[in-house]
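So the structure is just underneath, and the comments pick up after that.
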Amino acid sequence: MKEQFTLSIYTENLIGILHRVTTIFTRRHINIESITASESEVKDIHRYTIVVSSTEDKIKKIVKQIEKQVDVFKAFYHKNDGIVYQEMALYKMPTKLLSQTKEVEYIVRKHHARLLAVEPDFTIIEKTGFKEETQELFEQLKPHGILEFVRSGRISISKPMKEFQEYFTEVEEASRM
Amino acid sequence: MEEVATKSQKTKAKTTMSGAAALVNCLIREGVETLFGYPGGAIMPVYDALFDQKDKIKHIMTRHEQGATHAAQGFARVSGKVGVCLATSGPGATNLITGLADAQLDSTPMVCITGQVPGKMIGSDAFQETDIVSISMAVTKWNIQVTKAKDIPNAVAKAFFIARSGKPGPVLVDITKDAQFEVADFEEYETCDQIRSYVPNPKLSEKALDDAAKLINSAKKPLILFGHGVLLSNAKKEFQEFVEKTGIPAAWTIMGLSALPTSHPLNVGMLGMHGNYAPNILTNECDVLIAVGMRFDDRVTGDVSRYAKQAKVIHLEIDPAEINKNVEADVPVLGNCKESLAALLNKVNKKKHDEWLTRFKELNAQEEEKVIKNELNPQADEPMSMGEVIKHISNISRGNAIIVTDVGQHQMVAQRYYKYANWKSNVTSGGLGTMGFALPAAIGAKFAAPHRQVIAVIGDGGFQMTIQELGVIFETKVDVKILLLNNEFLGMVRQWQDMFFEKRYSSVDMVNPDFQMIAKGYGIASEKVTEREKLEDSIHRFLNHEGSYLLEVMVGKENNIFPMIPTGASVSEIRLE
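So the sequence lines, in the order shown, correspond to chains W and G. Sequential numbering from 1 applies to the first sequence in full-length UniProt numbering. Sequential numbering from 1 applies to the second sequence in full-length UniProt numbering.
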């Protein structure tokens, strides 16, 4: 059965690894729903968060193919109940909508969104949350006239307590054999 | 200041030279004595540096970059060392792709070095610019682009380490032309033996070994399947001792062929699509299946949903990604085969499985009667068969040659009927099935083992895919024997059209040139055999000739290879006719 999985992948910070990782999905015809890359808590080690929908059996094999890459330390996969996750969305609206009517302001307050920037011409609204939440805000703002909209990829933290630093030490020790 | 800061606190000697000269030095330090390649614009500084080191590194110029990759593969397979190729940017680099893909699927250690346009021109669609790092990503174990001379030694050291360690594979190092020219200070070259994110040799699990030994010791009808991992890990002694101590029949994948002599009483033959009857049928009857350094390729398993479902599977494998990839393992034993087998040897009981072996003998007799007898001894009025040619080659060379095969019917026949007496004596394109592989791979094999007889077995189709490499034989006088089994067809495709496409022969008829004249043009001795009476004498001349020789044998045009597991069928549905 297909379901949503979030993969956390720890790699060296080198050119080309992201390409190596994404082609593992491309080759198996799996669409990447969202992807983010950033530094991890360990210096010089980068972390990708990739969201895909597939079967657990396929994901297990993919995780091994990812870990097989020379410059990848470790890859994990989680179902949604195994992680805490968030996305962020930005909405660009004409400033006059906020100054002339109360309605947009009301929607922003109701969704606990915040104003990131207010310029004479436009205002940027920021909302953090699950995709359904940022989408709901989008739907409600849309009739008033959204100039631009963007949503980030998912970022997630796993619930298990073992720290990556421990895995990192294990891999580094094993690499010496 | 920098020197003071080095770990050892010693002043390391530095030498000033160009990136290209440094590269050649690195290759020498990696023990490279022979490399294969083709010059061109963006790799010229390296060729210039090679000119200075001619006495230390022999460069074999193939006639096409694809030929260089296969030659490097042939060299690697026979020597166990890393094969090395050199090519220029653009078309030179893209011509390496087939060889890289072949080496990737067949786990062959190879380092390809390509020239690249100067760093400042990258991305400008410069002359002969191609993004070879992206292009080769899917067919390399690792690759890197180097844009500064000072980074060359580190990249080369990593490349060689990655290519040969763990599950070996091909690596590509792309070096910009300005980095080749750039002069820098180089410290003494240091080889690489560790990369912190990379675990080439998984630690053996004592529990896995115990579980495996327990299953093996209690098995009534066990079967060993052995693959390339036995050869790659140099487990010659450990594997043979394991087979002999446990008394378990052992069957090979084409990549594992020659890891155990063909005539060994426990060698029960070839697995898979055109393999032997007994090991295929009995895969679905055994109670414990012990897979050693093989990856359950679909050509071995047939329909995987009906593959060995009754058996407990033990999988000795170095690559964690191979475990449960195609076939679920009840007991995965992660590790280098040589170490796993050595550890298992102490835990398994000495045993015999005579009754079970009798089952193999019974099924063998059926295959002998229906297939082998006729293939090796056709009726007098029948055309020559590929099998009878290989039988004579095998007898006359006493099974001592290195057989390098191309891809197709002749490949299956050579592997089925040549009686391999020696370790590491089969070189073939297994995973990728690359037509055109054999001629350049045989050249590479001969450079790796100049004192062994090397026979390239090739069909008339594959021969013409890399026929230009005859130029290497002409130039270097390398003693490669070429056995051309000519059926004037793309035989394997024709066989499928015969069996599954109502004999609608579409683009399989070969309109061939006069191969004897081609050989003559390249100064290679040759002869063509059309009659059975002359075959044996010709083979004697062929094998005893000093120097390369082309023996073209006209064989039956429409002979089919049996046994066969049709696509989608189970191993136990293997057909004898």
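Where a beta carbon is used, it is the ideal one built from N, C-alpha and C, also for glycine. The model shown is predicted, which means the values in this text are computed figures rather than measured ones.
Residues bridged to residue i [DSSP beta-bridge criterion]
i: Cys85 (chain G); result: G:Phe36 and G:Cys112
i: Ser538 (chain G); result: DSSP lists no partner for Ser538 (chain G).
i: Phe122 (chain W); result: W:Pro94
i: Met61 (chain G); result: G:Gly37
i: Leu223 (chain G); result: G:Leu289
i: Ala75 (chain W); result: W:Ile9
i: Tyr106 (chain W); result: Paired residues: none, contrary to the question.
i: Val404 (chain G); result: G:Val427 and G:Ala456
i: Thr15 (chain G); result: G:Phe186
i: Phe149 (chain W); result: W:Tyr91
i: Thr36 (chain W); result: W:Thr49
i: Tyr418 (chain G); result: According to DSSP, which records beta bridges pairwise, Tyr418 (chain G) is partnered with nothing at all.
i: Thr128 (chain W); result: W:Met88
i: Arg196 (chain G); result: Paired residues: none, contrary to the question.
i: Gln4 (chain W); result: W:Ser53
Limits of the unbroken alpha helix (DSSP H) element including residue i
i: Arg20 (chain W); result: Ile17 to Arg27
i: Phe75 (chain G); result: Glu65 to Ser79
i: Gln128 (chain G); result: Taken as a continuous stretch (DSSP letters only), Gln128 (chain G) belongs to no alpha helix (DSSP H), as it is neither H nor E.
i: Asp210 (chain G); result: Glu206 to Ser218
i: Val117 (chain G); result: Looking at the DSSP string, Val117 (chain G) is not in any alpha helix (DSSP H), and its letter there is neither H nor E.
i: Phe138 (chain W); result: Lys131 to Leu141
i: Ala157 (chain G); result: Ile152 to Arg164
i: Thr98 (chain G); result: Ile97 to Leu105
CB contact check: residue i to chain W, cutoff 8 Å
i: Ala5 (chain G); result: Any answer about Ala5 (chain G) is weak, because its pLDDT of 46 lies below 50 and its placement is not dependable; what the coordinates show is given next. Not closer than 8 Å to any Cβ of chain W, the Cβ of Ala5 (chain G) fails to qualify, so no.
i: Tyr189 (chain G); result: no
i: Ser8 (chain G); result: The predicted model places Ser8 (chain G) with a pLDDT of 49, which falls under 50 and marks its position as unreliable, so this point remains unresolved.
i: Lys141 (chain G); result: yes
i: Pro320 (chain G); result: yes
i: Ser134 (chain G); result: yes
i: Lys43 (chain G); result: Residue identity differs from the one stated: residue 43 (chain G) is Ile in this sequence, not Lys. Not one chain W Cβ lies under 8 Å of Ile43 (chain G).
i: Ile314 (chain G); result: no
i: Arg295 (chain G); result: no
i: Met137 (chain G); result: yes
i: Glu2 (chain G); result: Here the model assigns Glu2 (chain G) a pLDDT of 43, short of 50, so the residue's position is not dependable, and the following value carries that caveat. Not closer than 8 Å to any Cβ of chain W, the Cβ of Glu2 (chain G) fails to qualify, so no.
i: Lys236 (chain G); result: no
i: Ile162 (chain G); result: yes
i: Ser205 (chain G); result: no
i: Gln194 (chain G); result: yes
Min CB distance residue i to chain G below 8 Å
i: Thr23 (chain W); result: yes
i: Arg28 (chain W); result: no
i: Lys68 (chain W); result: yes
i: Phe164 (chain W); result: no
i: Gly153 (chain W); result: no
i: Ser175 (chain W); result: yes
i: Lys64 (chain W); result: yes
i: Val52 (chain W); result: no
i: His112 (chain W); result: no
i: Glu12 (chain W); result: yes
i: Phe73 (chain W); result: yes
Where the beta strand (DSSP E) containing residue i begins and where it ends
i: Met554 (chain G); result: Tyr549 to Met554
i: Glu388 (chain G); result: Note, Glu388 (chain G): premise wrong, no beta strand (DSSP E); alpha helix (DSSP H) at Met386 to Ile396.
i: Trp142 (chain G); result: Trp142 to Val146
i: Phe186 (chain G); result: Val183 to Glu187
i: Glu166 (chain W); result: Unbroken run through Glu166 (chain W) is the alpha helix (DSSP H), Phe164 to Ser175; no beta strand (DSSP E).
i: Pro170 (chain G); result: Pro170 to Thr176
Presumed contact (8 Å Cβ cut-off) between residue i and residue j, rounded CB distance
i: Leu115 (chain W); j: Leu90 (chain W); result: 11 Å between Cβ atoms; not a contact.
i: Phe73 (chain W); j: Phe168 (chain W); result: 6 Å
i: Ser136 (chain G); j: Leu100 (chain G); result: 6 Å
i: Pro37 (chain G); j: His59 (chain G); result: Before going further, note that residue 37 (chain G) is Gly rather than Pro in the sequence given. With a Cβ gap of about 6 Å, Gly37 (chain G) and His59 (chain G) count as contacting.
i: Cys192 (chain G); j: Lys148 (chain G); result: Actually they do not touch by this definition, with Cβ atoms about 18 Å apart.
i: Thr176 (chain G); j: Gln116 (chain G); result: 5 Å
i: Leu543 (chain G); j: Gln453 (chain G); result: 7 Å
i: Ser38 (chain W); j: Arg47 (chain W); result: 6 Å
Neighbour list for residue i in chain B, Cβ cutoff strictly below 9 Å
i: Asp44 (chain W); result: Of the chains in the structure shown, none is chain B; the protein chains are W and G.
Residue i beta carbon near the ligand HEM (any heavy atom closer than 7 Å)
i: Gly19 (chain G); result: The ligand HEM is not part of this structure, which contains no ligands at all.
Item to check | beta strand (DSSP E) segments (min. 3 residues) lying fully within the segment 17–57 of chain G | outcome: 34–37
Checklist entry - Can you list, in chain order, the stretches of the beta strand (DSSP E) that have 3 or more residues and sit fully within the segment 448–521 of chain G? => result 454–459 and 480–486
Checklist entry - Which residue spans inside the segment 236–320 of chain G form an unbroken beta strand (DSSP E) run of at least 3? => result 250–252, 267–270, 288–292 and 312–317
Item to check | Completely contained alpha helix (DSSP H) runs for the segment 319–374 of chain G, where each covers 4 or more residues | outcome: 337–345 and 354–367
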